[in-house]
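Just so we're aligned: 518 in numbering that gives the first Met the number 0 is position 519 of the sequence shown, and the numbers increase by one with no gaps anywhere.
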Amino acid sequence: MNLFKLSAAKIYLPIIFIFFINSLAAQINPETEKKRFETLDKKSELNQEELREMLKISDRAQNYDLNATIEYLNKAAKHFEKQKDYFFLTEYAEKISLAYMIKGETQTGIDIANKIADKYKDKFSEEEWIKLQILNVRFLEQVDMNDEALTLIKKLLPQTKNDLHKATLYSFSGGINMDKGNYDLAAKDYYTSLRLYEKLKNEANIITTYNRLGMLNHAIEDFPKAIKYYKMGLSLALKANSQRDLTVLYLNMGNLYQKVDSLDKAIYYYDKNLEILKKTNNVPDMARNLLNRGNVFAKQKNFTKAFESYEQALEICNEYNIDFGKMHVYYNIGKGYIETKQYNKAISALDSALYFAKAMEAKDIELGIHYSFSDVYEATRNFEKAYASYTKYHELEKEVMNEEKHKTLSELEIKYETELKDQKIAQINQSLATKKAENGLLILGVVLLILIAGFIIFFLIYRNRTLKQLYERNIELMKNFQFKANEEDELEEVTEITVENEDNLKKIFDRILYALEKEKIYTNPTLSLSETAEHVKSNDKYVSAAIAENANMNYSNFINFYRINEAKRLIYEDGHFNLNEVMHTCGFNSRTTFYNAFKKHTGLSPKQFKEMGETELILAS
0 MNLFKLSAAK IYLPIIFIFF INSLAAQINP ETEKKRFETL DKKSELNQEE LREMLKISDR
60 AQNYDLNATI EYLNKAAKHF EKQKDYFFLT EYAEKISLAY MIKGETQTGI DIANKIADKY
120 KDKFSEEEWI KLQILNVRFL EQVDMNDEAL TLIKKLLPQT KNDLHKATLY SFSGGINMDK
180 GNYDLAAKDY YTSLRLYEKL KNEANIITTY NRLGMLNHAI EDFPKAIKYY KMGLSLALKA
240 NSQRDLTVLY LNMGNLYQKV DSLDKAIYYY DKNLEILKKT NNVPDMARNL LNRGNVFAKQ
300 KNFTKAFESY EQALEICNEY NIDFGKMHVY YNIGKGYIET KQYNKAISAL DSALYFAKAM
360 EAKDIELGIH YSFSDVYEAT RNFEKAYASY TKYHELEKEV MNEEKHKTLS ELEIKYETEL
420 KDQKIAQINQ SLATKKAENG LLILGVVLLI LIAGFIIFFL IYRNRTLKQL YERNIELMKN
480 FQFKANEEDE LEEVTEITVE NEDNLKKIFD RILYALEKEK IYTNPTLSLS ETAEHVKSND
540 KYVSAAIAEN ANMNYSNFIN FYRINEAKRL IYEDGHFNLN EVMHTCGFNS RTTFYNAFKK
600 HTGLSPKQFK EMGETELILA S
């Protein structure tokens, strides 16, 4: 069961789809429940109260054994079918699909529900049929088919006269719009559902909606309004002693106070959340709590407590096989080790986080991991790996941006096709609609052109920002990323070294650095490995070994590193040089070789680097 994977809006479903969990769940005796269910199951015919009792026992079983819940529901369904009680069959379809969703087998649950719907479609009332269709809305939302879910919601809303069904549909629509970032639409949907729940005096769903409005305002960073709604929900939940609602509200309030750096309040609400989780023996959700507590302690620079919380969270994630949780825990452990300068441990933790991020295709987390790797390698002066990690971060960022752009275009295409379909129907019904449809297409075309233009402008802004980041990063590398030669070697007599060992390789490397940094031998465009070896009184083998051992590069890349560093310096400090002059001055005699090497070591072409520098000068003046 992967409790980390679902968004908050998806976990906190409307009550029509929630098990009615007893607030005294910790006192349930599974054996007593099992015996009572078996007694009911042996009866040849059950009355309405007994049928409902079977459902309640299955509801309570999810507190201690989800498989028992599924077993009870399937046995109860046989009685519902035998007695041709179609209302209870819809209850079964709801609960079995939700049980499989929590288990992580969403498709299995919806297949069972659809089988029931197809088998008895002629027996269900109109509202019972709509109730089953709402299950498909939930399924589409869970598998991120948001546009299809919204289409089904729009189809069902005019058909139902049941206020609870209407409220549920608006609640789902609000959650989907919130996930899509359509916060105005989400707020409208939530307020509509809230009014309906208030009309029904449905207190449980009123609490749920207050929580969702809190999350919505949290998302748009209107924190005072978010805490207002959380507290409104909390007040009702405390009166009702609803452990389920209190658990979620305490967690969300802790998250909000952590966000605004009210860390003592965050810990207070996490403690309240943990108290209920322990009471109900909800061990998997304790991992989420411990991770959040660890993050608070890390913000307080109390890394002893932070690492203790992270390790406890990781232990639970390992026990319950919560891969999404492992990814987040390892990532935060890695960031903690960076702050405490335990770089080897940081690399190990980030490696583990990266493994799970790739396995789960969590590219947003993978982005952050590569950036953290760059920080680690920069701190340990492994500049080649630092640059490689930063480059990977930049490439992945571009990939994520492209995916978001394609997703947006796909959504536009779906809307466009829907619009065409509506126009066709309108043409059949009345000729006047033809003109309206043409106007609609014209407007849609204009909107699409505006959106495409917007995408182009956004891409150019993004590209310019990326080039600026690369330019600033390269200037920082140029100023700071230097190998330091042993100054004392300048005074030693230069003798030929013929024995390969670590000390001798270091001496050779110091001589190479002296020749490069003081004598600038790299400016010779025909400089070869043999000439370099002769210059430092050694041989080809030892020079290559010394560079590999101390710089973690091969000879060609090492020489080009200095040439490109000199090229950057000339462009940056002496803007009057043209690029051909820079190329020859720093030791290149081929324009192609120079451009390829510059691009490889900086991520920019020489022309881009020069233009960025000129832009910076203009902005500075």
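For each residue, glycine too, the CB sits at the ideal point set by N, CA and C.
Hey, is the segment 269 to 281 in contact with the segment 303 to 312, meaning 3+ C-beta pairs nearer than 8 Å? no
Taking 8 Å as the limit between beta carbons, can you name the residues of its chain near ALA60, skipping five residues before and five after? PRO29, GLU32, ALA67, THR68, TYR71
Should the segment 116 to 134 be called in touch with the segment 151 to 164, which here means at least 3 C-beta pairs below 8 Å? With the cut-off at 8 Å, the segment 116 to 134 and the segment 151 to 164 touch.
Specify the secondary structure class of MET144 as computed by DSSP and reduced to three states. coil
Since TYR389 contacts ARG472 with CB under 8 Å, what's their CB separation in whole angstroms? About 6 Å; that satisfies the 8 Å criterion.
Got a sec, what are the start and stop residues for the alpha helix (DSSP H) CYS316 sits in? 302 to 319
Supposed close pair GLY586, TYR521 - CB separation, criterion 8 Å: Right, the Cβ-Cβ distance comes to about 5 Å (below 8 Å), so this counts as a contact.
Is it the case that the segment 202 to 219 contacts the segment 229 to 239, given that we only count it when at least three CB pairs across the two stretches are under 8 Å? yes
Could you check the C-alpha separation between ALA225 and HIS217 for me, to the nearest Å? 5 Å
Assuming TYR169 contacts ASP188 under a Cβ cut-off of 8 Å, what Cβ separation, rounded to an integer in Å, is found between them? 5 Å
Is the segment 37 to 49 close to the segment 88 to 97, with three or more CB pairs under 8 Å? no
Do you know offhand how far LEU255's Cα is from ARG287's? In this model, LEU255 and ARG287 are separated by some 15 Å (Cα to Cα).
Going by beta carbon distance, what residues of the same chain come within less than 7 Å of LEU293, once the five residues before and after it are set aside? Note on identity: in this sequence residue 293 is Gly, with Leu being the wrong assignment. For GLY293, where only same-chain residues beyond five positions count, the Cβ hits under 7 Å are ALA305, SER308, TYR309, ALA312, ASN331.
Is the beta carbon of LYS505 sitting closer than 8 Å to the one on ASN549? yes
Assuming the contact rule is C-beta atoms closer than 8 Å, ILE563 and TYR541 should be a hit. Round their C-beta distance to whole Å, please. 25 Å between Cβ atoms; not a contact.
Between ALA203 and SER241, how many whole angstroms is the CB-CB distance? I'm expecting something under 8 Å. 7 Å
When burial is assigned at 16 or more other CB atoms within 10 Å of the CB, is LYS334 buried or exposed? buried
Does the beta-carbon distance from GLU215 to MET177 come in below 8 Å? Inspection of the sequence shows that residue 215 is occupied by Leu rather than by Glu. Their beta carbons are under 8 Å apart, which means LEU215 touches MET177 by this criterion.
From SER57 to LEU65, what does the alpha carbon distance come to, in whole angstroms? Distance between the alpha carbons of SER57 and LEU65 is about 9 Å.
Out of ASN251, LYS41, ARG243, ILE219, which has the shortest C-alpha to C-alpha gap to LYS230? ASN251
Compute the Euclidean distance between the alpha carbons of ASN135 and LYS120, then round it to the nearest angstrom. 15 Å
Distance CB(TYR319)-CB(VAL282) smaller than 8 Å: yes
Along the chain, where does the alpha helix (DSSP H) containing ALA545 start, and where does it finish? Boundaries of the alpha helix (DSSP H) around ALA545: 539 to 550.
Is it buried or exposed, HIS600, if we count other Cβ atoms within 10 angstroms and call 16 or more buried? buried
Beta-carbon contacts of ALA532 that lie in its chain and below 6 Å, excluding the five residues immediately before and after: ASN538, ASP539, VAL542
What's the C-alpha gap between ALA352 and THR303? When rounded, the distance between both Cα atoms is 20 Å.
Which residues in the same chain have their Cβ closer than 7 Å to the Cβ of ASN291, if we skip the five residues on either side of it in sequence? GLY253, ASN254, GLN257, TYR269
Residues of its chain near ILE474, where Cβ-Cβ distance is below 7 Å and the 5 sequence neighbours each way are ignored: TYR571
Please list, in chain order, all residues of the same chain as ILE546 whose beta carbon is under 8 Å from its beta carbon, the five residues on each side excluded. Excluding sequence neighbours, ILE546 sits near PHE508, ILE511, MET552, ASN553, TYR554, PHE557.
What are the start and end residues of each continuous alpha helix (DSSP H) run of 4 or more residues lying completely inside the segment 199 to 246, in chain order? 202 to 218, 222 to 239
Within 10 Å of its beta-carbon, does PHE323 have 16 or more other beta-carbons around it, so buried, or fewer, so exposed? buried
CA-CA distance, GLU613 and ASN181? 41 Å
Alpha carbon to alpha carbon, how far is LEU193 from GLY103? 29 Å
Straight-line Cα distance separating PHE222 from LEU603: Using only the alpha carbons, I get a separation of about 42 Å.
Straight-line CA distance for THR279 to ILE455? Pairing THR279 with ILE455, the inter-Cα distance amounts to about 53 Å.
Going by beta carbon distance, what residues of the same chain come within less than 6 Å of LEU276, once the five residues before and after it are set aside? ASP284, MET285
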